[in-house]
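Residue numbers (the working numbering), protein chains in the order written: chain A, 1 to 296; chain B, 1 to 296; chain C, 1 to 296; chain D, 1 to 296.
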């Protein structure tokens, strides 16, 4: 190891210091096959690990003692999958987080984020296939568990849930000023790719599978069960439905890109376009983000 | 318009000539809402147009006379959707191709490729929602229609169909030589993202919807109904099943990336890994491509 | 507009409330050509606008009064580009932010983030071309300006800056535990895609172009001017160099994916691999993130 | 190995046969460091291998004898890099192709495609850094070598070369018909991402580095040295310039997406837009493709 003397020197002058920092392994792709007697199950995960703690020596003086290698984090994800990836991803994330706290003497906080990709069993002739699957729809499930010596917090989410309604939506009564050219409409397509993430109150004994499915169901219902005055109003309504149905959820955050569907001007060709033919535009897009939570 | 004299001069020296060429509009995103009395239907298309013909003047002497603008092609896709996007995408592609042949005096061959994205109706409380949808699974449907003054040819396909089987697959008995290090296995995961494209014999009166669903079904069955000696063997088997069931299909081509799932070495940590824990690797990947067709 | 009565009712029960929220337009692609007498200049921007303020009525009761449409934000970006996109992107972002505060009566905080893509003038025969360019290297420039009625804060950054060093880097002396399998090395490739963002102290009179180039230069020097004990140590060293050289910078944050280059095992084929032949792996990757700042 | 009897049976009925097929390894990422006395050089490649030959037994009867594993192809890329990646990528591709022909008894045709990514040496204080680099601009270099027992053919190319000119381009005099709405213009931005591929006449003794740089230079000059009546006309002009300058090039193919830059309508806000402010649109896009070649 080469000398770090002058690096240490410079680090202590000018009152320049290390602030918040974290490191870890991203996109660890763990697949587990559960080989049951009748049929196989599959778990398909993408794991991101981020550790926080006292890593100053590594940053400032090149001292790696006590630093867990990110390669070790990767190995750990696979090694613990055998015994600990047996139910919901929240439990697996917790097991991983605790392990990282134990393994790394300077680790104070482990954040483990897991995305689980859906697979649907094939059903040739209407019968379930014992071991063949296709990628499922309905978005990817996420869990984020943050673990410290004292406690763990549990969050969950859904991403890549693409939804669309063809009517019962408008955009009216908005502010008109110098640079406003958009006409009002009481009938438009609303399409978005839902990313939602929510926090559970503290307990690790939740039935996370039931809760995930419940929240997902409320989101989908809330998307379609009303006339939407705006993406904002639909965001709030979906969040409200989730919190009303699930007291375990303390807050939910949505990120909703407005995938604009623009009525195509066919009138110039003598063709009437009565909300039938649209151009789906990918950019630019409106982005509506917000949190619905419990007061106090 | 500036002079093109010297450009024409240079173009005729040295026997440098224009070879095969085509131009068109890509990624035209047409969405149509069919507003039925009980419920809405949605069609969500991505259209690529490519025209061939005598476009030498435009290339060599800057003469755009008779050249259809790609912007006009875009307008045409939307304009014709009103009347002609009423059943399968093959029929719509044909209508577009014929229009381009009619509209462009120097167009000799129109290739229209349409991808249709699947949407699944939401079912709150088990009842079909009249106008709300989520993105469906099972791959995107493709159609490619090539139209000339004399005839049209019809092709179809599927893309982005992600499938996986957890067992009943191996890779054994292959050649071993100087740079071979891979062990043989009689039990491995096979995962791939199926892209398949097939040709129909000439008639435009096929029931293209029925055929698409039939071919897709045979592919999925063929993926799971046997012990796979190799991706090549599974490719052939799927193709054979399609051609056997559907005499209208003259040939089918598959492009099958082998999404490797590598058994993770847990033995070094004293953990047995009996085909349970895998690393899903995205690169490099095997790529197996081939055509199954009728002889003669 | 349909009645919102029952929606307002539900919104006030159960103490469910709207939390932090923002909305805006993303990926507005503004290109400006400055048509000078000798040559043209080009500005190529991607703008994200996010507004915060009192938008409760829109969320809770479907009342859009006073809500600026995201389409209006888009128009504003283009409209103001004529007069206000004349020097650095920080100044343009500030002009946009002030406009949004003025235009939207309920807007309290405007965040405008601009990415500027680099273009390099072509030089046929060594002479600058008056109006032809190719995409440049060296990363995209970012600016983020947050404006309120009282003050504005200025941040800048760089993204997509891909760098690599072939030696003078190691990874030694790290913790070894149960799941550690990685060997130590005192000679490895380090490659990363630098994303850095930094904050300026408050003044809007900075020479932002000079500062950007200075920070970028310090980062590139800091990447290559030492033996790297770890990505963490290099992160800190680059940050320290920036803060030391530029008192206007109060803190800098780096996000550094470790694009692993793995020595390929050629020994099994009887070929020596003396740090010559590597596999560039894209996943999983280490991710090292941290802030270097001034104390107090 | 399970029985393949019934599979062989079905394969011989109905005259269903295996057509064209190929297999190989894609996205093999080989990085080589040349450790010179003064400074290091880096080669960064992405290799795609596709083999053709008599692979019928593997497809039809599950017989893998004599089949080269794609994993072996990967190993071969790394193993041969030590000795054979010493000059241009064409030579390395040829060495790989010959090796695959030798190694696989049923291989009849090896296609090796290599993409080389550019790296630029860092120059702190104006002096070349011995071992630190940043990703370069100007597109990725490609080579495609097809090798059979008798002969090899050499092709080259460039991809991801993003160019733009701000003027000296128009789109006038084109056909106007029922669905044409685009106005004519004699002053527009032309922007494209050039993908070009060209064939060399047979000899393997070409100075491929010189030729690549020459062709690239002619393309860039040809892009900017004239008033462009259309993308087609510019395509032809670039191709003509390449063939005129380099007799070793027998033909060149271009694929040119027209990255539309649309004049933004500011007149409705009382702002004149004299070809200054544009919206850069990513979809849909015109796609102009064509080959320029030598007659006969």
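Idealized CB from N, CA, C, for every residue including glycine.
Residue of the options minimising C-alpha distance to residue i
i: residue 282 of chain B; options: B:276, B:293 and B:260; result: B:260
i: residue 195 of chain C; options: C:161, C:79 and C:98; result: C:161
i: residue 81 of chain A; options: B:133, B:279, B:55 and B:89; result: B:279
i: residue 39 of chain A; options: B:92, B:122 and B:168; result: B:168
i: residue 285 of chain D; options: B:177, B:21 and B:28; result: B:28
i: residue 164 of chain A; options: A:191, A:140, A:150 and A:170; result: A:191
i: residue 177 of chain A; options: C:101, C:200 and C:49; result: C:101
i: residue 229 of chain A; options: A:188, A:245 and A:249; result: A:188
i: residue 137 of chain A; options: A:95, A:216 and A:52; result: A:216
i: residue 144 of chain A; options: A:200, A:37, A:287 and A:218; result: A:200
i: residue 26 of chain C; options: A:258, A:97 and A:179; result: A:258
i: residue 225 of chain A; options: B:170, B:254, B:129 and B:295; result: B:129
i: residue 57 of chain A; options: C:198, C:183, C:232 and C:243; result: C:232
i: residue 132 of chain D; options: C:241, C:220 and C:93; result: C:220
i: residue 203 of chain A; options: A:111, A:184 and A:90; result: A:90
For residue i, three-class secondary structure by DSSP
i: residue 219 of chain D; result: helix
i: residue 90 of chain A; result: helix
i: residue 122 of chain B; result: coil
i: residue 267 of chain B; result: helix
i: residue 296 of chain A; result: coil
i: residue 109 of chain C; result: strand
i: residue 309 of chain A; result: Residue 309 of chain A lies beyond the residue range present for chain A, which begins at 1 and ends at 296; the question has no answer from this structure.
i: residue 261 of chain A; result: strand
i: residue 156 of chain B; result: strand
i: residue 135 of chain D; result: strand
i: residue 85 of chain A; result: coil
i: residue 278 of chain C; result: strand
i: residue 149 of chain C; result: coil
i: residue 97 of chain B; result: helix
Residue-level contact to chain C via CB, residue i, 8 Å cutoff
i: residue 79 of chain A; result: yes
i: residue 112 of chain D; result: no
i: residue 82 of chain D; result: yes
i: residue 176 of chain B; result: no
i: residue 261 of chain D; result: yes
Cross-chain neighbours of residue i in chain A, by beta carbon under 7 Å
i: residue 119 of chain B; result: 164
Any chain B beta carbon closer than 8 Å to residue i
i: residue 283 of chain C; result: yes
i: residue 292 of chain D; result: yes
i: residue 15 of chain D; result: yes
i: residue 10 of chain C; result: For residue 10 of chain C, the predicted structure reports a pLDDT of 40, less than 50, and the residue's modelled location is therefore unreliable. The matter cannot be settled from this model.
Residues that residue i contacts on chain D, provided the C-beta gap is smaller than 7 Å
i: residue 138 of chain C; result: 134
Chain C contact residues for residue i, given Cβ-Cβ distances below 7 Å
i: residue 101 of chain A; result: Residues of chain C passing the Cβ test: none, with the nearest at roughly 13 Å.
Min CB distance residue i to chain D below 8 Å
i: residue 39 of chain B; result: no
i: residue 1 of chain A; result: Because the pLDDT at residue 1 of chain A is just 31, under 50, the model does not fix this residue reliably, and the value given afterwards should be weighed accordingly. No, no contact with chain D.
i: residue 68 of chain C; result: no
Within-8 Å CB hit, residue i to chain A
i: residue 5 of chain D; result: Because the pLDDT at residue 5 of chain D is just 34, under 50, the model does not fix this residue reliably, and the point stays unresolved.
i: residue 167 of chain C; result: no
i: residue 129 of chain B; result: yes
The ligand ADP heavy atom lying under 7 Å from the CB of residue i
i: residue 177 of chain B; result: Because no ligand of any kind appears in the structure shown, any question about the ligand ADP cannot be addressed here.
Proximal residues of chain B, C-beta to C-beta of residue i below 7 Å
i: residue 269 of chain C; result: 178 and 179
i: residue 60 of chain D; result: 236
Proximal chain D residues relative to residue i, where beta-carbon distance stays under 9 Å
i: residue 277 of chain C; result: 30, 31, 32, 33, 78, 79, 81, 82 and 85
9 Å Cβ cut-off: residues of chain C touching residue i
i: residue 288 of chain A; result: 21, 22, 23, 24 and 70
Under 8 Å from the C-beta of residue i: neighbouring residues of chain C
i: residue 173 of chain A; result: 1, 63, 64 and 65
- prompt: Quick one: complete alpha helix (DSSP H) runs, 4+ long, within the segment 174-259 of chain D?
  reply: 208-224 and 231-245
message: To test your reading of the DSSP string, which unbroken alpha helix (DSSP H) runs of 4 or more residues are found completely within the segment 35-82 of chain D?
response: Complete alpha helix (DSSP H) runs here, min 4: 56-61.
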